[in-house]
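What follows is a set of notes on a single structure, which appears directly below.
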């Protein structure tokens, strides 16, 4: 029960559910734990002097934990999307040489008769992306617009010597999304219109999933399997 988060660092503290029999003896032998009091795995096995990037991870971890605690007992898919979009904490990265490549929020119902739903952006910067519903199942279909192009025998991975040339592996939605981001930054009015389209489309997906889980919508397997593809196509059209 409750909320947990990780952020590029050790996060298991004193609440170990299983451990190697030599874990604590090793920590004592290395001088990382004195054998007195509670054994904190993260504290014992983390570097005393952290690299700068690890200090940033620690700040993200603490911010993420605070954001989750603030919504304790009321965490929804929308809340998680909001947390993944939080730039102040560093959870959502879009500068400094790093960028959040893609984001996902999953709904995992306890009722085994209900499907698990995974909201995927398939594009970077969740603050300016659309979370789209994907459901595994018999009718699950690939979405061509988010498949990276293939280059067969000419792929730099295949040719010898390897990696002597560069290829563009960006998928279609990624490319159109990048153009949209440029418009958001350069043209305020057009940018606001595009962001509104994104928000409306995301809300449409959330409403569809609510209806599905509430039993108000009973799509055929093919329709359910093509749900993600349908939303990918709608998003792509919004950027056209």
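Numbering (our numbering), first residue to last: 6 to 245. Backbone N, C-alpha and C fix where the C-beta goes; we use that ideal spot for every residue, glycine too.
For residue i, I'd like the list of residues in its chain whose CB is within less than 6 Å of its CB, leaving aside the five on either flank, ordered along the chain.
i, result
"residue 72", "88"
"residue 203", "135"
"residue 62", "12, 13 and 14"
"residue 243", "202"
"residue 139", "123, 125 and 233"
For residue i and residue j, I'd like the C-alpha separation in whole angstroms.
i, j, result
"residue 125", "residue 137", "5 Å"
"residue 119", "residue 210", "17 Å"
"residue 207", "residue 22", "38 Å"
"residue 83", "residue 65", "20 Å"
"residue 142", "residue 226", "7 Å"
"residue 130", "residue 96", "10 Å"
Out of the options, which has the shortest C-alpha to C-alpha gap to residue i?
i, options, result
"residue 55", "34, 81, 15 and 31", "15"
"residue 245", "229, 182 and 30", "182"
"residue 27", "162, 145, 159 and 46", "46"
"residue 92", "60, 188, 133 and 59", "133"
"residue 144", "230, 37, 130 and 30", "230"
Can you give me the Cβ contacts of residue i inside the same chain, cut-off strictly under 8 Å, excluding the 5 residues immediately before and after it?
i, result
"residue 39", "33"
"residue 147", "234"
"residue 50", "15, 32 and 37"
State whether the region 106-120 contacts the region 161-170, with contact taken as three or more CB pairs (one from each stretch) at a distance under 8 Å.
no
Length-filtered (4 minimum) alpha helix (DSSP H) runs lying within the region 61-130
82-89
Could I get the ranges of all uninterrupted alpha helix (DSSP H) runs contained in the region 185-228, with 4 residues as the minimum, in chain order?
193-218
Would the region 148-163 and the region 174-189 be scored as touching if the rule is three or more Cβ pairs under 8 Å?
yes
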